[in-house]
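A.B. asks: In my numbering, the protein residues as written are 1 to 466.
For every residue, glycine included, the Cβ atom is placed at its ideal position computed from N, Cα and C.
Note that the structure is predicted; figures quoted are calculated from it, not measured.
1. Checking the sheet assignment: what are the DSSP bridge partners for residue 162?
2. Here's the rule: buried if 16 or more other CB atoms are within 10 angstroms of the residue's CB, otherwise exposed. What is residue 83?
3. Given a threshold of 16 other Cβ atoms within 10 Å of its Cβ, counted over all protein chains shown, does residue 75 qualify as buried or as exposed?
4. Look at the Cβ atom of residue 364, then the Cβ atom of residue 323, and state whether they are nearer than 9 Å.
5. Residues in the same chain with beta-carbon distance under 8 Å from residue 217, minus the five sequence neighbours each way, listed in chain order, please.
6. Measure the Cβ-Cβ separation of residue 139 and residue 68 and say whether it is below 9 Å.
7. Using 8 Å as the cut-off, can you tell me whether the region 232 to 239 makes contact with the region 48 to 60, which would need three or more C-beta pairs spanning the two stretches below that distance?
8. Would you say the region 304 to 316 touches the region 345 to 353, given that touching needs at least three Cβ pairs under 8 Å?
9. Looking at C-alpha atoms only, which residue of 41, 381 and 81 is the closest neighbour of residue 119?
10. Based on Cα-Cα distance, which residue from 107, 101, 135 and 113 lies nearest to residue 53?
11. Can you name, in chain order, every residue of its own chain whose Cβ lies under 6 Å from the Cβ of residue 329, other than the five neighbours on each side?
12. Would you mind working out which of 398, 242, 154 and 385 sits nearest residue 478, comparing C-alpha positions?
13. Identify, in the order they occur along the chain, each residue of the same chain with its Cβ nearer than 6 Å to the Cβ of residue 111, setting aside the five sequence neighbours on each side.
14. Output the distance between the C-alpha atoms of residue 494 and residue 376, rounded to the nearest integer angstrom.
15. In chain order, which continuous runs of the alpha helix (DSSP H) of length 4 or greater are located wholly inside the region 278 to 362?
16. In whole angstroms, what separates the C-alpha of residue 258 from that of residue 137?
17. Considering Cα atoms alone, identify which of 458, 325, 282 and 280 is closest to residue 298.
18. What is the rounded straight-line gap between the Cα of residue 155 and the Cα of residue 43?
19. So which of 71, 72 and 115 has the shortest CA-CA distance to residue 360?
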């Protein structure tokens, strides 16, 4: 029931697709269990973990198939060589072309994850917990499986898992290429038993008289299957039992399972559940990703859309979340400033044209949407088609004319009147009004005229006496 709850709640952001090196383990003894690498998952871990979940649903485990393994590895190598963050596409068609299905109608699904420094099986399987990626675990039609991994020159690791079946054919009836023998349900060439036969569902142990839980390991059980059954992490098993996942578990080995009542053990967030964070003083909300959490469950807990989280954090929908990653849920109480469109941000190069420099993880459709141009135009401008692969630092021509940055024209700018300041009159002197000023000017003019007339008369009189 716990596992079903986890599968129902789980959803992590990782791109669809799978590609990993072909890997077939040797026959496993009944009392031996294969370990996984300490820091990152292997192709074997991918198949084992997916089959663990499948068996928990009461379905027969998937059987490794050479052609599926080979194509998964080829896909991983191609994706790593081109730093792809999208599917190569048409996995069923590529499997059929490789000979899987012997001409029958092939159906297939593909998961892939990519990490800059390797991912543990905890992270990968949690990332593949959404309905699309869980098809290999919950769809009874799937029969065969293949997985692998490939590394880029800069250290990024691609993990791929493919599951397939042939319509109308009984599971196990597809003859692997080059097997040279017959194959049927449960029959594997060269006598190598399929991994699927080693999967043993985990039965939850009951607490002892002191309330402690000890799990007795059964053949076919792994760190992953035990951890997920008890809703803890592989790290918890390692710490509380002084173990390392690099050392094989043994049938009959007893493992202490920490729980909420264990002193010194911090009860983890229930699988698939999200403990929301309270806003800070400015209203900003930051969420730290915990194991088994996904964008869907995080968005649902905070009552926001997945797209909103993607925009606030500069993420793409096919990028995986990392445990401990901090996500901005709300920017807080800020006043948004006007922003330029992506076209308005362009700067022409020396030839006067505009270009976009491809960054890792970008796709043609994403770039077309960024500049709001038709994808067909973007491909035509650069001589590309749907099968073309773009690479980081590649320049794509954009035959667009960026609109002018919106500004106010001089005619639309309202004049700002300069403030007029009237100096106060001197203390004790009454202010002079315009009427008073006019009267004073008239009186002065009359006095001047009178003075001139009187002066003229006096001058005339004195002149006559002489």
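C.D. replies: This is what the structure gives:
1. 110 and 146
2. buried
3. buried
4. no
5. 33, 226, 249, 250, 251, 252, 253, 254 and 255
6. no
7. no
8. no
9. 41
10. 135
11. 285, 287 and 302
12. Nothing can be reported for residue 478, as the shown portion of the chain is limited to 1 through 466.
13. 18, 128, 133 and 161
14. A query on residue 494 cannot be resolved here, the shown segment of the chain reaching from 1 to 466 and no further.
15. 295 to 302 and 306 to 313
16. 27 Å
17. 325
18. 17 Å
19. 115
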